[in-house]
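The sequence shown: position 2 = 2 (the UniProt record's numbering), numbered continuously.
Yeah, the Cβ is synthetic: ideal placement off N, Cα and C, and Gly gets one too.
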Amino acid sequence: RNQRESPFLRLPTEIRRIIYEFALGGKHYTTGKKLGRKLPNSKFLAGPHPLALLSVCQQIYDETALLPFSVNSFSFQLDLDLSKWADELLPGQRDAVTAFRF
1 RNQRESPFLR LPTEIRRIIY EFALGGKHYT TGKKLGRKLP NSKFLAGPHP LALLSVCQQI
61 YDETALLPFS VNSFSFQLDL DLSKWADELL PGQRDAVTAF RF
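The following block contains the structure:
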């Protein structure tokens with residue numbers, strides 16, 4: 001039904017993928033402490049949630065679920081941060097990660 005009624009979902013998959021990468025990618029996420037202060041909790045940040053696109057419909061979720069891990073980079077202040085973060089990911093999410101640093 002969505003693909004019949006949605007102009008966006010009628011676009012070729014390759015075009016949607018470019019749009020998804022633009023919307024979800026190019027970000028750098030940092031965890032841990034910086035300058036002696038905790039980083040702000042994301043639920044208190046202004047603006048739309050960066051992953052809101054994934055909740056639009058099941059088809060968009062299926063097409064984008066792993067993209068945030070493959071088109072962004074992640075930094076960790078401590079080895080323990082990386083270990084804890086990786087333990088909380090699903091195997092497919094871990095496999096999709098392409099860039100992280102300390």
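- Counting the other CB atoms within 10 Å of its CB gives residue 102 a total below 16, which places it among the exposed residues.
- Residue state for residue 75 is assigned as strand, using DSSP reduced to three classes.
- Annotation: residue 95 to residue 82 spans about 14 angstroms, alpha carbon to alpha carbon.
- Contact between residue 29 and residue 72 holds, with the beta-carbon distance rounding to 6 angstroms and staying under 8 angstroms.
- Note: residue 100 is bridge-paired with 74 in the DSSP secondary-structure output.
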